Amino acid sequence: MLVLSGIFTPAWSVKKPLIIKSQAEAKAKATGGEITPGKGKSPDLLSFLHGAKSGTQEALKSVHASETTRTRDEDKLGRVLKHIKRFFAKYPKFNYDPNKPYTEEFIRMTKEFNWTRYSEEYRNARKKLNTASVLQFNENFDSGETGESNSGGNKKKSESGGSKKSNSGDKKKKSESEDRNKGKTLRKWVKLFNRIDLKDPVMPKTVREFEERVKSVHANICDVLHTDVAGGKATDWGNEVILSEYTLRTDKIFPRDHPLAGTLLRHLLRHINSPSATRGFEETSVRQK
Numbered sequence: 001m002l003v004l005s006g007i008f009t010p011a012w013s014v015k016k017p018l019i020i021k022s023q024a025e026a027k028a029k030a031t032g033g034e035i036t037p038g039k040g041k042s043p044d045l046l047s048f049l050h051g052a053k054s055g056t057q058e059a060l061k062s063v064h065a066s067e068t069t070r071t072r073d074e075d076k077l078g079r080v081l082k083h084i085k086r087f088f089a090k091y092p093k094f095n096y097d098p099n100k101p102y103t104e105e106f107i108r109m110t111k112e113f114n115w116t117r118y119s120e121e122y123r124n125a126r127k128k129l130n131t132a133s134v135l136q137f138n139e140n141f142d143s144g145e146t147g148e149s150n151s152g153g154n155k156k157k158s159e160s161g162g163s164k165k166s167n168s169g170d171k172k173k174k175s176e177s178e179d180r181n182k183g184k185t186l187r188k189w190v191k192l193f194n195r196i197d198l199k200d201p202v203m204p205k206t207v208r209e210f211e212e213r214v215k216s217v218h219a220n221i222c223d224v225l226h227t228d229v230a231g232g233k234a235t236d237w238g239n240e241v242i243l244s245e246y247t248l249r250t251d252k253i254f255p256r257d258h259p260l261a262g263t264l265l266r267h268l269l270r271h272i273n274s275p276s277a278t279r280g281f282e283e284t285s286v287r288q289k
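Quick note on numbering: UniProt numbering labels position 125 of the sequence shown as 125, and the sequence is numbered without any gaps.
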């Protein structure tokens with residue numbers, strides 16, 4: 001035991017001095033400097049913070065990339081489902097999922113609202129969906145099919161000048177416009193055929209060849225539309241009978257005689273309620289003989 005200034009103090013109560021474990025720590029303590037980690041030692045606090053900062057930056061980059069991808073996906077859905085989404089927006093109580101086939105979502109909505117197939121609510125909604133479907137197909141596959149007309153400009157030129165040179169220039173412009181329109185139409189056909197899983201891998205080369213080939217194509221148009229959302233290709237069912245069975249079973253019915261149907265859509269429409277196993281193949285077989 002120890003005696004300090006006449007006061008009795010137990011040895012165990014005396015505080016022991018801090019033991020400095022290394023010369024580097026002692027030197028740092030004496031000079032007020034920092035300890036530099038040696039080889040093989042754990043990283044110091046600065047290294048740890050630097051690593052944490054890098055990890056945070058990578059995480060933020062990942063989140064930003066994810067948000068950018070989601071925004072692009074939302075923009076794409078807003079474009080390829082513009083008219084379909086407008087239709088479902090008329091029924092705000094229904095939670096529409098644009099990632100699912102819109103025909104399945106319509107069926108789910110009618111069940112949630114307890115609409116029977118012959119009810120007025122169902123018929124009105126079905127009519128609106130038919131129009132939205134046609135407009136959406138035109139938008140995705142057949143937009144701007146006629147191109148711009150130069151008739152107004154030609155009329156003004158003929159009234160003001162009327163010279164042979166002017167007429168020659170007008171004919172040249174008209175020919176160039178027709179060529180551009182043919183090119184646009186051809187690209188539309190190529191896009192449409194790329195969305196259908198055709199059994200014949202040979203792609204037609206002209207608009208006329210596409211118009212002939214499509215007669216023997218039997219794909220569900222609702223499925224063709226959904227390829228813009230889900231990717232992949234719509235099935236070519238081989239003939240009208242098989243296509244009709246699939247269409248009626250899944251209720252993926254597309255309006256046949258809608259006044260707003262575009263050129264490509266009219267070529268793809270089939271007789272679902274009165275199918276024929278040979279319709280579309282008669283002319284093909286005659287040409288092959």
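All C-beta atoms in this analysis are idealised placements derived from N, C-alpha and C, irrespective of residue type, glycine included. These figures come from a predicted structure and were not determined experimentally.
Please state if the CB of residue j and the CB of residue i are separated by a distance shorter than 8 Å.
| i | j | result |
| --- | --- | --- |
| Leu264 | Lys182 | no |
| His218 | Arg270 | yes |
| Pro201 | Phe210 | no |
| Leu81 | Pro92 | no |
| Asn138 | Gly238 | no |
| Leu129 | Phe106 | yes |
| Leu198 | Asp236 | yes |
| Phe94 | Glu112 | yes |
Let's test the definition: count the other Cβ atoms within 10 Å of the Cβ of residue i and tell me whether it reaches 16, buried, or not, exposed.
| i | result |
| --- | --- |
| Gln57 | exposed |
| Phe48 | exposed |
| Glu120 | exposed |
| Lys252 | buried |
| His83 | buried |
| Ser133 | buried |
| Val190 | exposed |
| Ser274 | exposed |
| Thr185 | buried |
| Thr69 | At Thr69 the pLDDT is 45, less than 50, meaning the model places this residue with poor confidence; the figure from the coordinates comes in the next sentence. The residue is exposed, with fewer than 16 neighbouring Cβ atoms inside 10 Å. |
| Leu45 | exposed |
Look at the alpha carbon of residue i and the alpha carbon of residue j, and state the distance between them as a whole number of angstroms.
| i | j | result |
| --- | --- | --- |
| Leu268 | Lys215 | 8 Å |
| Leu260 | Phe141 | 14 Å |
| Glu240 | Arg279 | 7 Å |
| Ala258 | Asn124 | What sits at residue 258 in the sequence shown is His, not Ala. Rounded to the nearest angstrom, the two C-alpha atoms are 15 Å apart. |
| Val229 | Thr131 | 19 Å |
| Gly51 | Leu60 | 14 Å |
| Tyr102 | Arg86 | 12 Å |
| Gly78 | Thr116 | 30 Å |
| Lys76 | Val207 | 28 Å |
| Asn114 | Ala89 | 18 Å |
| Asn194 | Ser54 | 44 Å |
| Ala277 | Gly231 | 29 Å |
| Arg266 | Phe254 | 11 Å |
| Tyr118 | Asn167 | 60 Å |
| Lys100 | Thr250 | 14 Å |
| Ile196 | Ser143 | 19 Å |
Cutting at 8 Å between CB atoms, please list the residues of its own chain near residue i, excluding the five before and the five after it.
| i | result |
| --- | --- |
| Leu248 | Ile272 |
Verify the CB distance criterion: does residue i have a CB-CB separation below 8 Å to chain D?
| i | result |
| --- | --- |
| Phe48 | Absent from the structure: chain D. Only one protein chain is present. |
Keeping to the same chain, check which residues put their C-beta closer than 7 Å to that of residue i; ignore five residues upstream and five downstream.
| i | result |
| --- | --- |
| Asn220 | Ala234, Leu243, Tyr246, Thr247, Lys252 |
| Phe281 | Ser216 |
| Tyr122 | Thr110, Trp115, Thr116 |
| Tyr96 | Phe88, Glu105 |
Using a Cβ-Cβ cutoff of less than 6 Å, which residues in the same chain neighbour residue i once the five nearest sequence positions on both sides are dropped?
| i | result |
| --- | --- |
| Glu212 | none |
| Asp223 | Ala234 |
| Arg256 | Leu269 |
| residue 291 | Missing from the structure shown is residue 291; the chain here goes from 1 to 289 and no further. |
| Arg108 | none |
Open item on the list: Please give the ranges of any alpha helix (DSSP H) in the segment 92–132, keeping only runs that are unbroken, at least 4 residues long and fully inside the region.
Closed with: 102–112
Task: Entirely enclosed alpha helix (DSSP H) segments - the segment 193–220, minimum 4 residues - done: 207–213
Task: Whole runs of the alpha helix (DSSP H) within the segment 218–250, excluding any shorter than 4 residues - done: 221–230, 240–250
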